[in-house]
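Q: The working numbering applies: residue 71 is where the sequence shown begins, and numbers increase by one.
Think of the CB as a built atom: it goes at the ideal place given N, C-alpha and C, for glycine as much as any other residue.
Since the model is a prediction, treat every value here as computed from it, not as a measurement.
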Amino acid sequence: MTDLVILLIWTAALFGGGIIYWMRLQMEKLGYRYPMFNSSFKMMADFQARKATDKRLKNKYHKTLGIVFVLWLAIGIGFWSLWN
C-alpha cells in the first residue's frame, strides 16, 4: 500500500509539472515570452488573469485538468488492482 501512495504522489508531481508546461505553451501561443528559469510565478499569474477573460482558454484548461485527473485515477486504480 505504501508503494501505491508513493506512486500516486510521484504521478501527481509529474502531472503537475506537465500542466505548468502546458500553461507555458498556451501563453507562448498567445504571444507572451518568458525566460527559461525563474518565470513560473509570473507566467502562472498572467495565465490566471488571461483565463479570467478568455472563455476558450478557460475551457481548454478545464478540459486538460479533467483529462489529467482521469489519467491519474486510472493509473492509481490500475496499480491498486494489480497489487491486490
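(1) Which one of Y102, W150 and L74 has the shortest CA to CA distance from A115?
(2) Would you please state the rounded distance, in angstroms, between the beta carbons of S110 and I90? I believe it to be under 8 Å.
(3) Could you give the distance in angstroms between the alpha-carbon of T72 and the alpha-carbon of L95?
(4) Restricting to Cα atoms, I'd like to know which of M93, I145 and T81 is closest to L127.
(5) What span of residues does the alpha helix (DSSP H) with D73 cover, start to end?
(6) Just to confirm before moving on: does the CB-CB distance between S84 and W153 stay below 8 Å?
(7) On the premise that I137 lies in contact with T81, defined as a C-beta separation below 8 Å, what is that separation, rounded to the nearest angstrom?
A: This is what the structure gives:
(1) Taking the sequence shown and counting its residues from 1, the one referred to as residue 115 is at position 45. That would be Y102, whose Cα lies nearest to the Cα of A115.
(2) By 1-based counting over the sequence shown, the position of residue 110 is 40. By 1-based counting over the sequence shown, the position of residue 90 is 20. Confirmed, Cβ separation roughly 6 Å.
(3) For the purposes of this step, residue 72 is taken as the residue at position 2 of the sequence shown. For the purposes of this step, residue 95 is taken as the residue at position 25 of the sequence shown. Going from the Cα of T72 to the Cα of L95 covers about 35 Å.
(4) On the sequence shown, residue 127 is found 57 positions in, with the first residue counted as 1. Among M93, I145 and T81, the Cα nearest to that of L127 is on M93.
(5) Here residue 73 refers to the residue found at position 3 when the sequence shown is read from its first residue. It spans T72 to K99 - the alpha helix (DSSP H) in which D73 sits, taken as one unbroken run.
(6) Translated into the one-based positions of the sequence shown, residue 84 becomes position 14. Translated into the one-based positions of the sequence shown, residue 153 becomes position 83. Here the sequence assigns Leu to residue 84, which means Ser is not the residue at that position. No, the pair does not count as a contact, with Cβ atoms beyond the cut-off.
(7) Residue 81 sits at position 11 when you count from the first residue of the sequence shown. Residue 137 sits at position 67 when you count from the first residue of the sequence shown. Incorrect: roughly 14 Å between the Cβ atoms, too far for contact.
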